[in-house]
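Asker:
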Amino acid sequence: MSSVTKGVILVGGPSKGTRMRPLTLDRAKPLLPIAGKPMVWHPLAALAKVPGLSEIILIGFYEDNVMAPFVKESQREFPNIRISYLREYRSLGTAGGLYHFRDSVLRPPVPQHIFICNIDICSSFPFAEMLELHNKHRGVGTILGVKVKKETATRYGCIVSDPETSQVLHYVEKPESWISNTVNGGVYMFDVSLFDEIKVAMDLKATRAQNDPLVQLDENLQLEQDVIAPLAAQRKIYVLESNDFWKQIKTAASAVTANALYLKDYSKIRPDLLSKGANITGPVFIDDSAVIDPTAKVGPNVAIGAGVTVGEGARIANAILLENSLIDKHTVVLNSIIGSDCRLGQWARVDGEPEPETAVKGQISVSVLASEVWVAPETHIRSCIVLPNKSLGKSAANQVLL
Ligand code: GTP
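276 is the number that UniProt numbering gives to position 276 of the sequence shown; each next residue is one higher, with no gaps.
#1: Give a single yes or no on whether V66 has its beta carbon closer than 7 angstroms to a heavy atom of ligand 1.
#2: Please report the distance separating the alpha-carbon of L392 from that of L402.
#3: Ignoring anything shorter than 3 residues or poking outside the stretch 40-77, list the beta strand (DSSP E) runs there in chain order.
#4: Going residue by residue through the stretch 69-144, where are the continuous alpha helix (DSSP H) segments of at least 4 residues, counting only ones entirely within it?
#5: Just to confirm, does T94 get its C-beta within under 7 angstroms of one of the non-hydrogen atoms of ligand 1?
#6: How should E197 be labelled, buried or exposed, when 16 other C-beta atoms within 10 angstroms of its C-beta is the threshold for buried?
#7: Return helix, strand or coil for T251, following the three-state DSSP convention.
#8: Within its chain, find whatever has a CB closer than 6 angstroms to the CB of S395; leave out the 5 residues flanking it on each side and keep chain order.
#9: Using CA atoms only, rank isn't needed, just tell me which of P43, M130 and S15 is closest to Y262.
#10: DSSP three-state call for S383: helix, strand or coil?
#11: Just to confirm, is the Cβ distance from D272 to S124 under 8 angstroms?
#12: Just the Cα atoms here: how many angstroms apart are V386 and I338?
#13: Considering only their Cβ atoms, is the gap separating G186 from I121 smaller than 8 angstroms?
#14: Note the first and the last residue of the continuous alpha helix (DSSP H) segment covering L204.
#15: Looking only at its chain, what residues have a beta carbon closer than 8 angstroms to the beta carbon of I316, apart from the 5 residues adjacent to it on each side?
#16: Can you tell me where the alpha helix (DSSP H) holding L231 begins and where it ends?
#17: Use the C-beta contact count for Y62: other C-beta atoms within 10 angstroms, 16 or more gives buried, fewer gives exposed.
#18: Taking only the alpha-carbon atoms, compute the straight-line gap between S383 and R270 and give it to the nearest angstrom.
#19: Would you say V187 touches ligand 1, meaning its beta carbon is less than 7 angstroms from a heavy atom?
#20: Alpha carbon to alpha carbon, how far is E55 from G141?
#21: Would you say the beta carbon of I269 is closer than 7 angstroms to some non-hydrogen atom of ligand 1?
#22: Output needed for K236: all residues of its chain with C-beta closer than 7 angstroms, excluding positions within five of it in sequence on either side, in chain order.
#23: Of the residues P51, I57, V71 and E88, which one's Cα is nearest the Cα of L31?
#24: Cβ of S91 versus every heavy atom of ligand 1: is any distance shorter than 7 angstroms?
#25: Relative to ligand 1, is the shortest distance from any of its heavy atoms to the C-beta of G305 smaller than 7 angstroms?
#26: So what's E224 in DSSP terms, helix, strand or just coil?
#27: Give the straight-line distance between the Cα atoms of D293 and S367, rounded to the nearest whole angstrom.
#28: Identify whether M1 lies in helix, strand or coil by the three-state DSSP scheme.
#29: To the nearest angstrom, report how far apart A35 and L214 are at their CA atoms.
#30: Return yes when the Cβ of S180 is within less than 8 angstroms of the Cβ of V160, no when it is not.
#31: Kindly indicate which residue of A201, N211, Y238 and D212 has the alpha-carbon position closest to the one of L223.
#32: Which value, in whole angstroms, describes the spacing of the CA atoms of M1 and G52?
#33: According to DSSP, what are the bridge partners of P38?
#34: For Y156, report the span of its beta strand (DSSP E) as first-last.
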């Protein structure tokens with residue numbers, strides 16, 4: 001009999017995703033469309049392909065009604081998998097929520113394995129390879145490890161492993177100084193004994209709270225520091241090093257990069273989601289209800305949402321256009337995110353720079369228009385962040401327009 005596997009996606013809550021503002025002012029970060037699908041759809045669709053996976057549970061602290069339409073829609077798309085959302089009463093951390101809902105995760109069919117994904121990453125989600133490695137070593141867990149530049153490594157959970165056995169020898173979350181270029185990719189596969197390990201961490205915290213008034217006795221626990229680091233010290237966890245695409249989605253600029261990565265991946269895994277046409281270059285997603293003038297040039301790396309209208313002679317590349325916006329005749333949109341219900345007048349131009357390898361403080365790269373922004377005809381908006389409901393009658397560059 002094949003083993004039962006379940007998937008958990010940690011979706012966070014309203015206090016998370018602040019670096020995505022203003023896009024997350026009126027929309028939860030997991031629901032922000034990337035490559036035409038809500039951010040949370042990507043790990044969910046990848047999990048749905050895992051043979052024998054019976055259930056996917058989203059855990060977070062958004063109100064139930066925020067996640068309900070997505071859950072309903074994905075249940076329709078993946079009818080053979082049970083999909084649900086469990087809401088923490090407040091932020092319990094990356095392991096606290098999981099532990100709080102352990103009975104739900106463990107309800108029959110009782111899983112032997114659980115995949116856990118962070119919401120804010122763009123990845124190929126190599127679950128099959130993780131399972132293969134996991135079945136070889138039989139430790140408590142397997143982490144997806146990804147290589148990053150040495151200069152940026154300390155921003156992540158850093159992993160030192162034995163290259164022969166893939167056993168993790170040392171794990172430090174955001175270390176003060178460099179220890180490795182291999183970092184935690186935010187995707188895990190755990191044996192069901194993970195819950196015993198979290199219990200040990202919870203008990204340890206309770207003991208610390210008794211002895212140290214600065215440690216609060218609550219259900220908050222971090223998977224990375226409180227569970228994975230001790231598991232590494234006990235040599236109970238392994239790493240699958242992947243060279244596939246991977247990207248953290250923290251900022252609007254990184255969403256534009258992730259958009260391009262997922263669109264490129266569609267040509268391999270979901271070519272049916274890509275649009276074709278004489279004036280379409282490179283990977284492009286266009287919602288069926290969008291109306292694109294045949295003389296407009298679109299692509300590469302563009303995702304156009306429902307109800308968008310793109311006029312004659314417009315030019316769009318490296319961009320995400322959310323729902324119901326109007327891009328008028330001969331208007332240009334490059335390296336930008338256009339929020340829902342925006343109106344860009346004729347011959348206007350909204351552009352920016354591609355996401356830099358290392359962000360420079362105070363410098364804006366991609367332009368981001370929140371919802372219901374109006375850009376007057378012939379206006380040039382370059383590398384600006386624009387708050388909702390603004391009317392822009394004058395050109396602007398490198399500014400936050402409040
Ligand atoms: P930052 O660089 O500070 O953003 O930290 P990080 O990259 O380590 O991310 P963080 O720990 O904030 O989040 C990692 C993942 O866990 C994301 O998918 C979050 O949505 C999710 N997450 C974080 N805190 C919670 C929580 O309290 N509950 C739940 N359910 N998910 C959470």
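Ideal Cβ placement from N, Cα and C applies to all residues, glycine included.
Answerer: Reading from the atomic positions:
#1: Here residue 66 corresponds to residue number 66 of the sequence shown, with the count starting at 1. Result no, Cβ not under 7 angstroms from ligand 1.
#2: For the purposes of this step, residue 392 is taken as the residue at position 392 of the sequence shown. For the purposes of this step, residue 402 is taken as the residue at position 402 of the sequence shown. When rounded, the distance between both Cα atoms is 11 angstroms.
#3: Whole beta strand (DSSP E) segments, 3+ residues: 53-60.
#4: 93-100, 102-105 and 127-137
#5: Along the sequence shown, read from residue 1 onward, the residue named residue 94 stands at position 94. Result yes, Cβ under 7 angstroms from ligand 1.
#6: Locating residue 197 in the sequence shown gives position 197, where the first residue counts as 1. Answer is buried; the Cβ neighbour count reaches 16.
#7: Reading the sequence shown from its first residue, position 251 is the one you call residue 251. DSSP places T251 in coil when its eight states are reduced to three.
#8: Translated into the one-based positions of the sequence shown, residue 395 becomes position 395. If we look at S395 and ignore the five residues flanking it on each side, its Cβ neighbours are T379 and H380.
#9: Taking the first residue of the sequence shown as position 1, residue 262 is located at position 262. It is P43 whose Cα lies nearest to the Cα of Y262.
#10: Sequence index remark: in the sequence shown, residue 383 carries index 383 (1-based). If DSSP states are grouped into helix, strand and coil, S383 belongs with coil.
#11: The residue you call residue 272 lines up with position 272 of the sequence shown. The residue you call residue 124 lines up with position 124 of the sequence shown. In this structure, S124 does not lie closer than 8 angstroms to D272 by Cβ.
#12: As a first step, residue 386 is located in the sequence shown; it is residue number 386 there, counting from the start. As a first step, residue 338 is located in the sequence shown; it is residue number 338 there, counting from the start. Separation of V386 and I338 (C-alpha to C-alpha, rounded to the nearest whole angstrom) is 10 angstroms.
#13: Residue numbering aside, residue 121 sits at position 121 when the sequence shown is read from its first letter. Residue numbering aside, residue 186 sits at position 186 when the sequence shown is read from its first letter. It is a contact, given that the beta carbons lie within the stated cut-off.
#14: What you label residue 204 is simply residue 204 of the sequence shown in a count that begins at 1. Run containing L204: L194 to N211, per the alpha helix (DSSP H) assignment.
#15: Stepping through the sequence shown from its first residue, residue 316 is reached at position 316. Within the same chain, I316 has close Cβ partners A296, K297, V298, G299, V302, I304, V310, I327, V332, V333 and L334.
#16: Here residue 231 refers to the residue found at position 231 when the sequence shown is read from its first residue. Per DSSP, L231 belongs to the alpha helix (DSSP H) from A229 to A233.
#17: Residue mapping note: residue 62 aligns to position 62 of the sequence shown, counting from 1. Classification of Y62: buried, given that the 10 Å Cβ count is 16 or more.
#18: Along the sequence shown, read from residue 1 onward, the residue named residue 383 stands at position 383. Along the sequence shown, read from residue 1 onward, the residue named residue 270 stands at position 270. If I take the Cα positions, the gap works out to 32 angstroms.
#19: As a first step, residue 187 must be located in the sequence shown, where it is residue number 187. V187: no, Cβ never under 7 angstroms from ligand 1.
#20: By 1-based counting over the sequence shown, the position of residue 55 is 55. By 1-based counting over the sequence shown, the position of residue 141 is 141. E55 and G141 have their C-alpha atoms roughly 19 angstroms apart.
#21: Your numbering for residue 269 matches position 269 in the sequence shown. It does not: the Cβ of I269 is nowhere closer than 7 angstroms to a heavy atom of ligand 1.
#22: Residue numbering aside, residue 236 sits at position 236 when the sequence shown is read from its first letter. Here the set comprises G139 and V140.
#23: Locating residue 31 in the sequence shown gives position 31, counting from the first residue. L31 has its Cα closest to that of V71, out of P51, I57, V71 and E88.
#24: Position 91 of the sequence shown, counting from 1, holds the residue named residue 91. Indeed, a heavy atom of ligand 1 lies less than 7 angstroms from the Cβ.
#25: Position 305 of the sequence shown, counted from the first residue, corresponds to residue 305. Flag unset: Cβ of G305 not near ligand 1.
#26: As a first step, residue 224 must be located in the sequence shown, where it is residue number 224. Three-state DSSP puts E224 in a helix.
#27: What you label residue 293 is simply residue 293 of the sequence shown in a count that begins at 1. What you label residue 367 is simply residue 367 of the sequence shown in a count that begins at 1. So the two alpha carbons sit approximately 23 angstroms from each other.
#28: In the sequence shown, the residue the question calls residue 1 occupies position 1. Bear in mind that the predicted position of M1 carries a pLDDT of just 47, short of 50, making it too unreliable to give a figure here.
#29: Counted from its first residue, the sequence shown places residue 35 at position 35. Counted from its first residue, the sequence shown places residue 214 at position 214. Each residue's CA atom was taken as its position, placing A35 and L214 some 44 angstroms apart.
#30: In the sequence shown, the residue the question calls residue 160 occupies position 160. In the sequence shown, the residue the question calls residue 180 occupies position 180. Contact: yes.
#31: On the sequence shown, position 223 is the one that residue 223 refers to. Residue A201 holds the alpha-carbon nearest to the alpha-carbon of L223 among A201, N211, Y238 and D212.
#32: Residue numbering aside, residue 1 sits at position 1 when the sequence shown is read from its first letter. Residue numbering aside, residue 52 sits at position 52 when the sequence shown is read from its first letter. Note on M1: pLDDT 47, under 50, position unreliable in the model; the coordinate value appears next. Roughly 10 angstroms between the two C-alpha positions.
#33: By one-based count along the sequence shown, residue 38 stands at place 38. P38 is bridged to P33.
#34: Here residue 156 refers to the residue found at position 156 of the sequence shown. Counting along the chain, Y156 falls outside any beta strand (DSSP E), and DSSP gives it neither H nor E.
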